[in-house]
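In our numbering, the protein residues as written are 4 to 260.
For glycine and all other residues, C-beta sits at the position ideal for the given N, C-alpha and C.
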């Protein structure tokens, strides 16, 4: 960084790695650097240069050098290399509260992402950014849960509610699933491998599905193979069957992102 002009900072994929974005694009060996206009973007081996007008709060300093904020890194990648699904997966990841040394808070709030998009001088990918902002949801626990939600929405599923509890007649929480389908007594929970290998987690799952059965709620367990062909076809058939039994008249169809 010492040979770069004043105001330069690590950006794009390189900044994303600092925030541990769950989606990675590009060559991990390359370092992305943004320099402020009117300086010329650097071009050398393993350095990808970018030049743009920069607002002062679009970068920060940590771990010894300057880099894009989480909001700025999301905008940079959503406007360039990310697909719409990538942008929503990372957006869900950013707005999920997490424990830090000082507080329990997200890397960025949805309002901060919206404000950053509105103030951004760079308008590349503006349409994809707007669609991604509409698709981001808070309280999502994992990227796979986001993948599941996007898969079902593309298939034509009724509205999905994220991490909202089912309550009994006295207002007590029966269960708080990853997803529930509005207007139907159907929940969906994505289960990573730890649901199989960790005894404590497995016991919690057993109790949870007993509670669902007792409340006459259908609980569907989803695994990685259900999210892509050929397993996705059987999975969507299962969801379709449960919706049919509860009076839905629509049809689910698998659609690629």
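Residue i versus residue j - alpha carbon distance
i	j	result
residue 151	residue 224	11 Å
residue 161	residue 184	6 Å
residue 46	residue 134	32 Å
residue 8	residue 117	29 Å
residue 70	residue 121	20 Å
residue 158	residue 179	23 Å
residue 241	residue 214	21 Å
residue 149	residue 79	21 Å
residue 187	residue 27	36 Å
residue 176	residue 143	18 Å
residue 228	residue 239	12 Å
residue 90	residue 209	34 Å
residue 222	residue 212	7 Å
residue 66	residue 119	23 Å
residue 30	residue 171	51 Å
residue 6	residue 36	12 Å
residue 110	residue 61	14 Å
residue 84	residue 203	40 Å
residue 50	residue 11	13 Å
residue 230	residue 154	7 Å
residue 115	residue 42	28 Å
residue 101	residue 141	12 Å
residue 17	residue 64	14 Å
Nearest residue (CA-CA) to residue i, options the options
i	options	result
residue 234	257, 29, 56	257
residue 164	171, 210, 190, 136	190
residue 40	54, 49, 30, 188	54
residue 112	123, 212, 171, 93	93
residue 73	103, 14, 59	14
residue 192	166, 216, 174, 206	166
Local Cβ density within 10 Å of residue i, reported as buried at 16 or more and exposed below that
i	result
residue 38	buried
residue 236	exposed
residue 252	exposed
residue 219	exposed
residue 124	exposed
residue 106	exposed
Three-state secondary structure (DSSP) of residue i
i	result
residue 56	coil
residue 238	helix
residue 129	helix
residue 193	strand
residue 176	strand
residue 69	strand
residue 26	coil
residue 222	strand
Check: residue i C-beta below 7 Å from any heavy atom of the ligand FMN
i	result
residue 62	Absence of the ligand FMN from the depicted structure is noted, as is the absence of any ligand whatsoever, leaving it without description.
Would the segment 91-100 and the segment 22-30 be scored as touching if the rule is three or more Cβ pairs under 8 Å?
yes
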